[in-house]
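Colleague: Pasting a structure below so you can have a look.
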Amino acid sequence: MQNEKVSIEKDNILFDLDVKDYREVISTLSDLLYENHVINSKEEFNNAVIERENDISTSIGNELAIPHGKSESVLHSSIALAVLKNKIKWGGEGNDEVKYVFMLAIEDRDKGNKHLQVLANLSSHLMDDDFVKEFKKAESKDQLFKIVNKIN
């Protein structure tokens with residue numbers, strides 16, 4: 001089975017994002033994906049991600065979250081990335097604190113295996129201690145972009 005890749009474009013990275021809660025992160029990243037022509041409906045995509053988040057939190061520990069939404073509004077599968085200025089509680093009460101958010105936008109036609117392969121590929125990198133240490137040391141959007149390109 002081929003390893004599916006989805007790019008993280010430099011324009012889809014936000015560094016030092018100042019937000020209050022996970023909904024604001026998702027909304028801000030949805031806006032970014034809309035502005036960069038990854039999605040054609042901010043509201044539809046945002047709602048899909050929030051609905052998925054309400055089912056079960058996508059925080060994975062180590063200050064990381066991987067929210068995702070599968071929606072007909074996605075024009076091409078992509079990943080948006082936000083490094084938050086301050087940690088926030090992710091999801092409902094008692095959930096992990098998060099500072100790094102990788103939000104997947106999965107094209108409707110890719111809902112099946114590709115979605116799972118992309119998620120597995122990203123997750124395997126985020127479980128690699130060396131990669132995470134390097135990722136967390138990034139001090140700029142440019143540094144972050146160079147590091148996350150190792151995912152692909």
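The sequence shown lines up with residues 1 to 152 when you count with this note's numbering. Every residue, glycine too, gets a C-beta built ideally from N, C-alpha and C.
#1: Could you give the first and the last residue of the continuous alpha helix (DSSP H) run that contains E139?
#2: Tell me which same chain residues have a C-beta within less than 7 Å of the C-beta of N40, skipping the five on either side of it?
#3: How should E51 be labelled, buried or exposed, when 16 other C-beta atoms within 10 angstroms of its C-beta is the threshold for buried?
#4: What does the alpha-carbon distance come out to for the pair N12 and F135?
#5: Can you name, in chain order, every residue of its own chain whose Cβ lies under 8 Å from the Cβ of D108, other than the five neighbours on each side?
#6: Over what stretch of residues does the alpha helix (DSSP H) that includes D55 continue unbroken?
#7: For I106, which of Y22, L33 and F15 has the nearest alpha-carbon?
#8: Quick check on E43: buried or exposed, where buried means 16 or more other Cβ atoms within 10 Å of its Cβ?
#9: What would DSSP say about L32, mapped onto helix, strand or coil?
#10: Identify, in the order they occur along the chain, each residue of the same chain with its Cβ nearer than 7 Å to the Cβ of F15, setting aside the five sequence neighbours on each side.
#11: For A65, count neighbouring C-beta atoms within 10 Å of its own C-beta (all shown protein chains included) and say buried if the count is 16 or more, exposed if not.
#12: Taking the straight line between their C-alpha atoms, what separation do you get for F45 and D129?
Modeller: Short version:
#1: Taking the sequence shown and counting its residues from 1, the one referred to as residue 139 is at position 139. Careful: E139 lies outside any alpha helix (DSSP H) and carries neither H nor E.
#2: Taking the first residue of the sequence shown as position 1, residue 40 is located at position 40. Closer than 7 Å at Cβ, skipping near neighbours: S73 and L75.
#3: Working through the sequence shown from its first residue, we reach residue 51 at position 51. Answer is exposed; the Cβ neighbour count stays below 16.
#4: Counted from its first residue, the sequence shown places residue 12 at position 12. Counted from its first residue, the sequence shown places residue 135 at position 135. Cα-Cα distance, rounded: 16 Å.
#5: Sequence index remark: in the sequence shown, residue 108 carries index 108 (1-based). So the qualifying residues of the chain are K70, S71, E72 and V74.
#6: Within the sequence shown, the letter at position 55 stands for residue 55. K42 to D55 is the span of the alpha helix (DSSP H), which, as asked, contains D55.
#7: As a first step, residue 106 is located in the sequence shown; it is residue number 106 there, counting from the start. Selected option, being the one with the closest Cα: L33.
#8: Position 43 of the sequence shown, counting from 1, holds the residue named residue 43. Its Cβ having fewer than 16 others within 10 Å, E43 is exposed.
#9: The residue labelled residue 32 in the question sits at position 32 within the sequence shown. In this structure, L32 counts as helix in the three-state DSSP scheme.
#10: What you label residue 15 is simply residue 15 of the sequence shown in a count that begins at 1. For F15, where only same-chain residues beyond five positions count, the Cβ hits under 7 Å are V83, S140, K141 and L144.
#11: One-based indexing of the sequence shown puts residue 65 at position 65. Its Cβ being crowded by 16 or more others within 10 Å, A65 is buried.
#12: The residue labelled residue 45 in the question sits at position 45 within the sequence shown. The residue labelled residue 129 in the question sits at position 129 within the sequence shown. Near 31 Å, if we compare the C-alpha coordinates of D129 and F45.
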